[in-house]
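Have a look at the structure below before the remarks.
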Amino acid sequence: MVGGGQLARMTHEAGIPLGIKFKLLSDTPQDSAAQVVSEVVVGDYRDLDTLRAFARGCDVITFDHEHVPTAHLRALEADGIPVRPGPDALVHAQDKGVMRAKLDAIGVPCPRHRIVSDPEDAARFAAEVAGDGAQRPGEGRWPADGSGGGFPVVLKTVRGGYDGKGVWVVRSSKEAEEPFRAGVPVLAEEKVDFARELAANIVRSPHGQAVAYPVVESIQVDGVCDTVIAPAPGLDPELAGHAQELALRIGQELGVVGHLAVELFETADGRILVNELAMRPHNSGHWTQDGAITSQFANHVRAVLDLPLGDPRPRARWTVMANVLGGDYPDMYSAYLHCMARDPQLKIHMYGKDVKPGRKVGHVNTYGDDLAEVRERAAHAAGYLRGTITE
Numbered sequence: 038m039v040g041g042g043q044l045a046r047m048t049h050e051a052g053i054p055l056g057i058k059f060k061l062l063s064d065t066p067q068d069s070a071a072q073v074v075s076e077v078v079v080g081d082y083r084d085l086d087t088l089r090a091f092a093r094g095c096d097v098i099t100f101d102h103e104h105v106p107t108a109h110l111r112a113l114e115a116d117g118i119p120v121r122p123g124p125d126a127l128v129h130a131q132d133k134g135v136m137r138a139k140l141d142a143i144g145v146p147c148p149r150h151r152i153v154s155d156p157e158d159a160a161r162f163a164a165e166v167a168g169d170g171a172q173r174p175g176e177g178r179w180p181a182d183g184s185g186g187g188f189p190v191v192l193k194t195v196r197g198g199y200d201g202k203g204v205w206v207v208r209s210s211k212e213a214e215e216p217f218r219a220g221v222p223v224l225a226e227e228k229v230d231f232a233r234e235l236a237a238n239i240v241r242s243p244h245g246q247a248v249a250y251p252v253v254e255s256i257q258v259d260g261v262c263d264t265v266i267a268p269a270p271g272l273d274p275e276l277a278g279h280a281q282e283l284a285l286r287i288g289q290e291l292g293v294v295g296h297l298a299v300e301l302f303e304t305a306d307g308r309i310l311v312n313e314l315a316m317r318p319h320n321s322g323h324w325t326q327d328g329a330i331t332s333q334f335a336n337h338v339r340a341v342l343d344l345p346l347g348d349p350r351p352r353a354r355w356t357v358m359a360n361v362l363g364g365d366y367p368d369m370y371s372a373y374l375h376c377m378a379r380d381p382q383l384k385i386h387m388y389g390k391d392v393k394p395g396r397k398v399g400h401v402n403t404y405g406d407d408l409a410e411v412r413e414r415a416a417h418a419a420g421y422l423r424g425t426i427t428e
């Protein structure tokens, strides 16, 4: 696995019961997965020679992030190393411009969008979405109703963004200057007036077997996932099925192998629009560790090894995942004493990461039949582990 973060750590954990030998390419020996994997190569994934040397002898290469250069992945394939997901699929999670163009081509509903060249062009795009509600070729299928048109609009660097980084909500051409300073292409999207954010997670194997997890609600705070509720409460079953079918179709059309997260907007009038794609285990699927028969991590391992996929159905009526973000930590042992005594069913997953404000350092999962109670338990545990709740 290329990348030494918490996703690699938890994927390794899922492979242990199968006796899978796991090799890791990590930036540093202190990375989350490097602390627990026995065979670690420390090196820069952006260096092709390093990547080739790491891949030598591996049966298959997969990833815990989307940042490996596409050309490097093609070089590995030319060397005869299976890469899953392959570069032709992964580029749609690496490059938002490529993703939008492909989704348009296969008829997937998206916010209206286009690549913009400078702040003035961003202002022109804002005027376009304000002044024309008609569908435009290559600009998605969001029929604007006049509400929320024009500024503000969303600007995104086409590569490299995550957890709200590389994304700006701009309200004027002056505010639009910042995204262009990086010197990379910028994608403009209309700011969707959505009711909530959803995620449809699927896993697909090389021979085309695929499974779909229940659609979840994802609650963001300052651009970072805070809470995930599985399944999404109050979601119309027909719309939930449509979201799963859409994710499965995207996976098939793009040739995805492994886990695919399709982040969605649910609009006030009951439609769904695709926001982002991720081709790796995803924060919106962490609930599956304790809440599904087969976790996203276990199914990702099965998929990249072309093993039969496991059952994605939930174990409980409700499962809630809450991220633990860096803050003023109390003594961790004392925090464990409190949380475990208060809630014996609580599942804690910490990543072994240094604490930094706002950084994801762990998550908790709770489950049960009463959603309000399950949410309260998750929020209390995450807050206590962070240090924002002290009783």
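Residue numbering for the sequence shown follows this note's numbering, starting at 38 and increasing by one per position.
The beta carbon of each residue, even a glycine, is placed where N, CA and C say it ideally should be.
Buried or exposed (CB count within 10 angstroms, at least 16 for buried), residue i
| i | result |
| --- | --- |
| residue 339 | buried |
| residue 437 | Limits of the chain in this structure are 38 at one end and 428 at the other, which puts residue 437 out of reach. |
| residue 244 | exposed |
| residue 117 | exposed |
| residue 83 | exposed |
| residue 120 | buried |
| residue 101 | buried |
| residue 293 | buried |
| residue 352 | exposed |
| residue 38 | buried |
| residue 175 | Low confidence applies here, because residue 175 scores a pLDDT of 38, under 50, leaving its location unreliable; read the following figure in that light. Per the 10 Å Cβ criterion, exposed. |
| residue 428 | exposed |
| residue 256 | exposed |
| residue 142 | exposed |
| residue 421 | buried |
| residue 93 | exposed |
| residue 193 | buried |
| residue 44 | buried |
| residue 382 | exposed |
| residue 46 | buried |
| residue 368 | exposed |
Backbone secondary structure at residue i - three-state DSSP
| i | result |
| --- | --- |
| residue 339 | helix |
| residue 103 | coil |
| residue 244 | coil |
| residue 225 | strand |
| residue 344 | coil |
| residue 397 | strand |
| residue 364 | coil |
| residue 58 | coil |
| residue 114 | helix |
| residue 73 | coil |
| residue 134 | helix |
| residue 250 | coil |
| residue 145 | coil |
| residue 166 | helix |
| residue 236 | strand |
| residue 270 | coil |
| residue 196 | coil |
| residue 390 | coil |
| residue 68 | coil |
| residue 211 | coil |
| residue 428 | coil |
Where the alpha helix (DSSP H) through residue i begins and ends
| i | result |
| --- | --- |
| residue 50 | 43-52 |
| residue 319 | Element bounds for residue 319: n/a, residue is neither H nor E. |
| residue 128 | 124-131 |
| residue 276 | 274-291 |
| residue 87 | 85-92 |
Bounding residues of the beta strand (DSSP E) (the contiguous stretch that carries residue i)
| i | result |
| --- | --- |
| residue 98 | Looking at the DSSP string, residue 98 is not in any beta strand (DSSP E), and its letter there is neither H nor E. |
| residue 152 | 150-153 |
| residue 411 | Where residue 411 is concerned, there is no enclosing beta strand (DSSP E), although the alpha helix (DSSP H) it sits in stretches over 408-423. |
| residue 79 | 76-79 |
CB contact below 8 Å: residue i versus chain D
| i | result |
| --- | --- |
| residue 137 | Although the question refers to chain D, the structure presented lacks it and comprises just one protein chain. |
Residues sharing a beta bridge with residue i, DSSP
| i | result |
| --- | --- |
| residue 313 | 300 |
| residue 351 | 329 |
| residue 383 | The partner list for residue 383 (beta bridge, DSSP) is empty, contrary to what the question assumes. |
| residue 206 | 191 |
| residue 9 | Not covered by the structure: residue 9. The range shown for the chain is 38 to 428. |
| residue 231 | 304 |
| residue 405 | 355 |
| residue 22 | No information on residue 22 is available, as it lies outside the stretch 38 to 428 that the chain covers here. |
| residue 39 | 62 and 100 |
| residue 120 | 98 |
| residue 295 | 241 |
Expected contact under 8 Å - CB spacing of residue i and residue j to nearest Å
| i | j | result |
| --- | --- | --- |
| residue 129 | residue 238 | Residue 129 to residue 238, Cβ: 16 Å. No contact. |
| residue 253 | residue 240 | Contact flag wrong, Cβ pair sits at about 15 Å. |
| residue 406 | residue 355 | 7 Å |
| residue 361 | residue 423 | 6 Å |
| residue 104 | residue 197 | 7 Å |
| residue 152 | residue 223 | 7 Å |
| residue 61 | residue 74 | 4 Å |
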